[in-house]
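To start, the structure under review is shown below, and the notes come after it.
There are 2 protein chains.
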Amino acid sequence: MSLLFKHLRVHQVFGANTDVGKTILTSALVRASANSGNVYYLKPVSTGPPGTADIEHIQRYAGTHKDRVHTHCLYQYQEPVSPHLAARLAWESKNTVIPTDETVVNSISHHVRQCASRTIIPAHMYVETAGGVHSPTLSGTTQLDAYRPLLLPTVLVGDYKLGGISSSISAYESLLMRGFTVDAILLFRDEYYRNWEYLQPYFADKGIKTFALSAPPALLPDPTENQQSTEAYYQSLVSEEGIAGTMEHLDACHTSRLEDLESMPKRTLDTIWWPFVQHQHFQKESDVKVIDSAYSDFFSILSQPKNSTDSILQPQLDGSASWWTQAFGHAHPAITQAAARASGRYGHVMFPRATHRPALQLAERLVNEGPGKGWASRAFYSDDGSTAMEVALKMALRAYTTRHGLDAIDRKDVGILGLKGSYHGDTIGAMNACEEGVYTCEWHNAKGFWLDSPTVGIKDGKVTITVPRSFGSAAAPKDLQSGDLSWTYNVESRLDSPLATVYRTHVQNTLDKLKRAGTKLGALVLEPLVLGAGGMLFVDPLFQRILIDTVRASQSDAPSNSWSGLPVIFDEVFVGLYRIGMETTTSILGVNPDISVNAKILTGGLVPLAVTLASDAIFQAFWSESKADSLLHGHSYTAHAVGCEVANESLRIIDSLRDSEEWKEAQGRWRYAGEKGRVWSFWDPLFVSTLSGLESVEEAMTLGTVLAVKFKDSNAGYVSQSAETMLSGIEHTQGGQAGFSSAPGGAPFGVHYRTLGNVAYFMTSLNTSSAVLRELEDKIWTTLAPPEVAKD
Amino acid sequence: MSLLFKHLRVHQVFGANTDVGKTILTSALVRASANSGNVYYLKPVSTGPPGTADIEHIQRYAGTHKDRVHTHCLYQYQEPVSPHLAARLAWESKNTVIPTDETVVNSISHHVRQCASRTIIPAHMYVETAGGVHSPTLSGTTQLDAYRPLLLPTVLVGDYKLGGISSSISAYESLLMRGFTVDAILLFRDEYYRNWEYLQPYFADKGIKTFALSAPPALLPDPTENQQSTEAYYQSLVSEEGIAGTMEHLDACHTSRLEDLESMPKRTLDTIWWPFVQHQHFQKESDVKVIDSAYSDFFSILSQPKNSTDSILQPQLDGSASWWTQAFGHAHPAITQAAARASGRYGHVMFPRATHRPALQLAERLVNEGPGKGWASRAFYSDDGSTAMEVALKMALRAYTTRHGLDAIDRKDVGILGLKGSYHGDTIGAMNACEEGVYTCEWHNAKGFWLDSPTVGIKDGKVTITVPRSFGSAAAPKDLQSGDLSWTYNVESRLDSPLATVYRTHVQNTLDKLKRAGTKLGALVLEPLVLGAGGMLFVDPLFQRILIDTVRASQSDAPSNSWSGLPVIFDEVFVGLYRIGMETTTSILGVNPDISVNAKILTGGLVPLAVTLASDAIFQAFWSESKADSLLHGHSYTAHAVGCEVANESLRIIDSLRDSEEWKEAQGRWRYAGEKGRVWSFWDPLFVSTLSGLESVEEAMTLGTVLAVKFKDSNAGYVSQSAETMLSGIEHTQGGQAGFSSAPGGAPFGVHYRTLGNVAYFMTSLNTSSAVLRELEDKIWTTLAPPEVAKD
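Note that the protein sequences, when read in sequence, are chains A and X. Start counting the first sequence at 1; every next residue gets the next number (full-length UniProt numbering). Start counting the second sequence at 1; every next residue gets the next number (full-length UniProt numbering).
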């Protein structure tokens, strides 16, 4: 991940094009830097015969302080062609392995850190790329994409030639799209095209300084004369105001970058009000996680390294998938491109009575081929899971009260049927669909009735269904052990089991009791399979299925093609779109809802957007001659193009992951054969099973990307600190011993995680590499297992 | 704006760099197109001496159907340098005016439309740009930015040379960031660098076809031989599979573009559930506005042109600023770049106990220098105005109930004090802060008391304050006429007026009555100055000031540095950030709130993001030893980096607009001198005044970007159709007579507008040009004024 040292200013030099003087200007910077101390030059990949390499040029013209100049090349190829071709030729002719992007990035990272460790006084370093910003590197990935994990501050060498204004600006925009900070543009002061004249104000407007520098003399035929003239050129160039100005500016950028980062904790404590945080508990600067950037599954965070020569930026695994939003890792280029494309084409355009391609495509995909397949007819957009659930509730209540002809007064009393521990978002209306609890505010008005749920978990290695005592003596007196997870989630095959009868009786009795008590219910509202924020409760799917069946059977005269009993809402904000291994939970439950909600993963972890899907019968409840009967709910940015386009891109990426080897491999470990009713996880079955046997662990459970670990705690609940205490060691980088970790760049990393009382959970992206997963499992194990067990 | 013809396939040809064979490949396309019918070639800007121009080359090698090839150049300069330099030289030497971007775009648009009108059978057209994608055009703006309003489908000529992989990809990314659709990449099949081999799969992955075509022969010294060899090259090239494939592909793209657009109305009616729309009223395909793209203040919409040779895309003015969100026009490049930058650097990163630069900078700006200046201490992020108001309510209620030590039961009964017609968003909690009404749903629970408000409007040219009858006989029996708007909004100077006494008495009496009735109030919640969704009611600022003062005076023993009486919430979601001409309404009201909310303009009209600002006293109400006391509200995408970075960019743009000539000019018309208590508008004072005198108009009012027109209607209210009926003519393009309009590209345009019952409103961006405003005023006038008046 990103590297930043206090004493070593590192810049990566990119070119707007090939042959724009990148090596010459880097030489000048190296030579100027040598005047003030050590300078390191790294050329990660070099092509061409010996003697022609940039590294020789740098050394030859290093000036009077040659001894302070340390050069290195990681990969040298003889053929003077693009690195990806040179690597392929070497493979074809000499069977030389083509290094992967990961290997190259780790090697660069390792070398830069080594250079940093070799000096304690201020020094400079330059990492010179090859060709233009997007020239392919050894594996064939373009440099910008391959080197993005390192996110070194950059200098862009602009193009001084005809057409160079365009190529310089485009190269800058490619850097920008990958989050690089461009500290300066350097280019030759060509007096004919005068590109610098144009580019200086252009980039100044973006806060970037452009330096125009003397161009080199013409090549001379005599090598000695040529060397003398080149040496003279460098002497004059380095004493030029331009280079001095550049050096001063780059040093100032470095200083201000450090100052800014180090001031951020205090400034944050002074200005920010965090969600879900008791500020009294976090008053120290070290309590603030400064995220300088993020890439793949990792944050790059400000750390206080043990050694003063270490990087003050360190990787930390985003173990909660940034509050359950991440699907493909941070800063995925295709997601950024989708956002930029939609912003460039539409910005945001108003939606009522209008349409645009991104919103329409997304609606069609979700309704016809996605979670709405087979039952939904319409998509309604809003901003987040909470607003989308409020829309779902308004839909269901309208459908129910209209069918039953309730008057304005009676309508207000209609509540919902749900499960204890449900959570549908933080707005007050969504909260009213939940019981009173720690999350609810002054205006909370619990509107409904909530049942206890039997849950699924792995205890001491065994899949166990825990049935609440409230289910009565018909339920087994102790936990019912089931087969494996596939058996448990094969709902159809369990419909005739004795436990199904227990569930059916309990649900029917409850409904009867509610009816007798006159409780008015207008919707069945469920988080299918997993109650997320309520504590990562994995509800027995058989119970949810029987609950739905029973509710629907309670009305015998429902119109055909319409909902029966109560409209059923599936809140799939958390569980949907493969978070727990399937696109929608309908494939497990074997029944469709009348209304469903998606958010979080929907936008690939970039921006808020949510969608409420509804069946035609629900839609018809708003159909009338009066405008007042329409669904009078809408947010200013409804169906914003950026969110919709990013969602479309996310669904495309998911389609490609679905067929990937990584998924097949994980599924294979769970003997998932793709049949209906089976489940799988990205986590290793043996790891989960062993973990569940630890003394401190009550139970563990996993589906898809989610791992939940419930700790034994007599004071369980939201304010319990037990999970946090148990895992506190994992947040910070341990050991720090060399050797490459699975983090991009290979630095050791800590793990960011979130807890819900006595439950800790970890969540990966849909494309987290197996290497990262295995290392994460190791870290969890090392943190939780007692030393003697860990030695086994 | 964007042009699209059924019978004429138009492509704009961009180059990845200069000298990559743009003219040669365009020649080949022209020649191939001539085989099937008419073909038009436009070179908007050409530089170089006569005989060297691309246009001669195209004509010379047009092949056997030369007569079908029609070429044109709009701007020809002799100097063989970049167009912006050529234009400057011509200006310096011959005093030739440098055409503005608008002039160039209008000329291109005009010419393209003329070509389309000259043929009725299928034809092709190519518009060839100069140099690379970002090469500057005549004014100095880069071509991509200057030509963006036309948004023609594009062909990108890739770079076949060393470094060409990089420049081709970067050029593509620059096109993408401006929303262009790239139908194909064409490049020479260079056998040494073989860039096409790399680029074909690279772009295929993005759904774009790459065609590799034979490179031209070497230049021959003898002109005749050279011409023969070039002619032979074109003969062979045009018969090549590559060009045939390209033609077929471009034709297919055109066909599928048309089919897609024309299918969108039906598909939308089949799948989309619109907010705030009674679908029964809009069942026809023609009821659906298909927005193909947007730029500046205009949508580019699918239309059924009167003439079959007209463009099926037409501009339509976004007269509601896309539901009050737009601040700088659609697809502003700086906003797109901000979004891309943040996406590339962070994606979204979780926020509790963390910080990142975009979120911190925004919070500091809002708290210390923005609407929170002088009173706020903290920023809390959420997703939209509605969620941010729920957060504000939770803050206020906690502060109030904590100070007064209310128990869990009593807390539930605390309501708010507000104004009739208020609107704070569509979530149920925000709705509970409003009266029961058409917008409220089954679960609505009106929690509070709402006062009538005196309003400000212009009636028959006179600024008038209308005081409700409920204010009693002390109020003047008829409307109180005030001086001008500046007088009305100079609140301090009116505090001792007789009307102030009337207000004070009424407010005090109301508070006393509520107290006697035992009504528990926990916050004063106001939309300052304008109640937006409630019907664009411009409340007399003096009344809001006195209401706040009186509420605050009701508690004599409030701690110093804390709120007094009730916490005061300003909902500035609509009015804030210069929507009505000032950053915050505190500058008019002369008092600060304890909590305030911003959204909409905050993110420059791109993505949802909202912020709730709070004073330290409010923050302290959540400070305790218990996690359960913290503000347990947060959305998954809280403080998402894209939204925050876009907001930071928006605030920077606003800073630059504040000093702009356009603003000074508009302010000058209202004799706004920047003093406290004065107001101004982008609309012309005489226009508003005259409009208010129309027979059908009850009153008109304007502040900042907003113009509201209230029509006389005995059945006023949300479901009233009167405003819609009065203005129905304005939505569609009228006349359609030539002559350049102020829309980009100069085509005649209709106006999209929204109504609230008998009130129509229009809203511009903060940078809408004076030309667009004046044309919009003309259109409104022409639509509303009776013909005899219009002739005056």
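Think of the CB as a built atom: it goes at the ideal place given N, C-alpha and C, for glycine as much as any other residue. Only a predicted model underlies this, so the values are computations on that prediction, with no experimental measurement involved.
For A523 of chain X and G677 of chain X, the rounded distance between their alpha carbons: Here the question's residue 677 of chain X lines up with position 677 in the second sequence. Here the question's residue 523 of chain X lines up with position 523 in the second sequence. For G677 of chain X, the predicted structure reports a pLDDT of 48, less than 50, and the residue's modelled location is therefore unreliable. A value from the coordinates is still provided. Looking at the two C-alpha atoms, the distance is approximately 26 Å.
8 Å Cβ cutoff, P149 of chain A in contact with chain X: Sequence index remark: in the first sequence, residue 149 of chain A carries index 149 (1-based). Chain X contact via Cβ: absent.
Rounded separation between L219 of chain X and Y381 of chain A - CA only: Stepping through the second sequence from its first residue, residue 219 of chain X is reached at position 219. Stepping through the first sequence from its first residue, residue 381 of chain A is reached at position 381. If I take the Cα positions, the gap works out to 59 Å.
Chain X contact residues for D390 of chain A, given Cβ-Cβ distances below 8 Å: Translated into the one-based positions of the first sequence, residue 390 of chain A becomes position 390. Just to set this straight, residue 390 of chain A is Glu in the shown sequence, not Asp. Under the 8 Å cutoff, chain X gives D426, T427 and I428.
Y41 of chain X beta carbon less than 8 Å from that of T71 of chain X: Counting from 1 along the second sequence, the entry for residue 71 of chain X is found at position 71. Counting from 1 along the second sequence, the entry for residue 41 of chain X is found at position 41. Closer than 8 Å, so yes.
Sequence ranges, alpha helix (DSSP H) only - wholly within the region 318-402 of chain X, length at least 4: 321-324, 333-345 and 357-364
Residue of A:A558, A:Y578, A:S560 and A:H506 minimising C-alpha distance to F543 of chain A: Numbered from its first residue, the first sequence carries residue 543 of chain A at position 543. With distances taken between Cα atoms, F543 of chain A lies closest to A:H506.
Residue-chain proximity (F188 of chain X, chain A), Cβ-Cβ < 8 Å: Within the second sequence, the letter at position 188 stands for residue 188 of chain X. Closer than 8 Å: no.
C-beta neighbour in chain A for K289 of chain X, strict 8 Å: As a working mapping, residue 289 of chain X is identified with position 289 in the second sequence. With 8 Å as the cut-off, K289 of chain X counts as an interface residue toward chain A.
Which of helix, strand or coil DSSP assigns to M247 of chain A: As a working mapping, residue 247 of chain A is identified with position 247 in the first sequence. Helix, per DSSP.
Against chain A: residues of the region 528-556 of chain X by CB proximity under 9 Å: none
Cutoff 8 Å: Y439 of chain X Cβ touching any chain A Cβ: Counted from its first residue, the second sequence places residue 439 of chain X at position 439. Yes, Y439 of chain X counts as interfacial toward chain A.
Three-state secondary structure assigned by DSSP to Q667 of chain A: Taking the first residue of the first sequence as 1, we reach residue 667 of chain A at position 667. Residue state, collapsed to three classes: helix.
Distance between P541 of chain A and T488 of chain A (C-alpha atoms, nearest Å): Stepping through the first sequence from its first residue, residue 488 of chain A is reached at position 488. Stepping through the first sequence from its first residue, residue 541 of chain A is reached at position 541. Rounded to whole angstroms, T488 of chain A to P541 of chain A spans 8 Å at the Cα level.
Cβ distance (whole Å) where N598 of chain X is taken to contact A610 of chain X below 8 Å: Reading the second sequence from its first residue, position 598 is the one you call residue 598 of chain X. Reading the second sequence from its first residue, position 610 is the one you call residue 610 of chain X. At roughly 7 Å, the Cβ-Cβ gap stays under 8 Å, so N598 of chain X and A610 of chain X are in contact.
Between the CA atoms of T612 of chain A and I291 of chain A - distance to the nearest angstrom: For this step, residue 291 of chain A is matched to residue 291 along the first sequence. For this step, residue 612 of chain A is matched to residue 612 along the first sequence. Using only the alpha carbons, I get a separation of about 33 Å.
Neighbourhood of A785 of chain X by C-beta distance below 7 Å, restricted to the same chain and skipping five residues each side: One-based indexing of the second sequence puts residue 785 of chain X at position 785. Within the same chain, A785 of chain X has close Cβ partners L694.
Neighbour flag for L199 of chain X against chain A, beta carbons, 8 Å: To locate residue 199 of chain X, count along the second sequence from 1; it is residue 199. Cβ-Cβ to chain A under 8 Å: no for L199 of chain X.
Per-residue DSSP class, three states only, for Q227 of chain A: Looking up residue 227 of chain A in the first sequence gives position 227. Helix at Q227 of chain A.
Strand pairing of L703 of chain A, partner residues [DSSP]: Position 703 of the first sequence, counted from the start, is the residue given in the question as residue 703 of chain A. Its beta-bridge partners are A:V706.
Beta carbon proximity, V238 of chain X to chain A, threshold 8 Å: Residue mapping note: residue 238 of chain X aligns to position 238 of the second sequence, counting from 1. V238 of chain X does not count as touching chain A.
First and last residue of the uninterrupted beta strand (DSSP E) at R9 of chain X: Position 9 of the second sequence, counting from 1, holds the residue named residue 9 of chain X. Where R9 of chain X is concerned, the enclosing beta strand (DSSP E) stretches over L8 to G15.
Contact under 8 Å by Cβ, P371 of chain X with E645 of chain X: The residue you call residue 371 of chain X lines up with position 371 of the second sequence. The residue you call residue 645 of chain X lines up with position 645 of the second sequence. No, they are not a contact pair.
Three or more C-beta pairs below 8 Å linking the region 560-575 of chain X and the region 383-400 of chain X: yes
C-alpha gap between Q76 of chain X and Q228 of chain X, whole angstroms: One-based indexing of the second sequence puts residue 76 of chain X at position 76. One-based indexing of the second sequence puts residue 228 of chain X at position 228. The alpha-carbon atoms of Q76 of chain X and Q228 of chain X are separated by roughly 28 Å.
Closer than 8 Å to chain X by CB, D629 of chain A: The residue you call residue 629 of chain A lines up with position 629 of the first sequence. Cβ-Cβ to chain X under 8 Å: yes for D629 of chain A.
Closer than 7 Å at the beta carbon, the chain A residues around V414 of chain X: Within the second sequence, the letter at position 414 stands for residue 414 of chain X. E442, listed in chain order.
Cα-Cα separation between D384 of chain X and A533 of chain X, rounded to whole angstroms: Looking up residue 384 of chain X in the second sequence gives position 384. Looking up residue 533 of chain X in the second sequence gives position 533. For D384 of chain X and A533 of chain X, the distance between alpha carbons rounds to 15 Å.
Distance, T387 of chain X Cα to G37 of chain A Cα: Within the first sequence, residue 37 of chain A is the residue found at index 37, counting from 1. Within the second sequence, residue 387 of chain X is the residue found at index 387, counting from 1. Each residue's alpha carbon lies about 55 Å from the other.
Proximity of T129 of chain X and Q143 of chain X at Cβ, strictly below 8 Å: On the second sequence, residue 129 of chain X is found 129 positions in, with the first residue counted as 1. On the second sequence, residue 143 of chain X is found 143 positions in, with the first residue counted as 1. Yes, they are a contact pair.
Any C-beta of chain X under 8 Å from that of K373 of chain A: For the purposes of this step, residue 373 of chain A is taken as residue 373 along the first sequence, with counting starting at 1. No, K373 of chain A does not count as interfacial toward chain X.
Reference K266 of chain X; option with closest CA among X:L4, X:S286 and X:K420: Within the second sequence, residue 266 of chain X is the residue found at index 266, counting from 1. For the residues X:L4, X:S286 and X:K420, the minimum Cα distance to K266 of chain X belongs to X:S286.
CB-CB length for P608 of chain A against P608 of chain X, believed under 8 Å: In the first sequence, residue 608 of chain A corresponds to position 608, counting from 1. In the second sequence, residue 608 of chain X corresponds to position 608, counting from 1. Going by Cβ atoms, the distance from P608 of chain A to P608 of chain X rounds to 6 Å, so yes, they are a contact pair.
8 Å Cβ cutoff met for H134 of chain A and S107 of chain A: On the first sequence, residue 134 of chain A is found 134 positions in, with the first residue counted as 1. On the first sequence, residue 107 of chain A is found 107 positions in, with the first residue counted as 1. No; because the gap between Cβ atoms is not below 8 Å, this pair is not in contact.
Proximity to A771 of chain A [Cα-Cα], best of A:E662, A:Q667, A:R194 and A:Y761: In the first sequence, the residue the question calls residue 771 of chain A occupies position 771. Taking only the C-alpha atoms, the option nearest A771 of chain A is A:E662.
Short CB-CB distance (under 8 Å) between A331 of chain A and chain X: In the first sequence, residue 331 of chain A corresponds to position 331, counting from 1. Output row for A331 of chain A: interface = yes.
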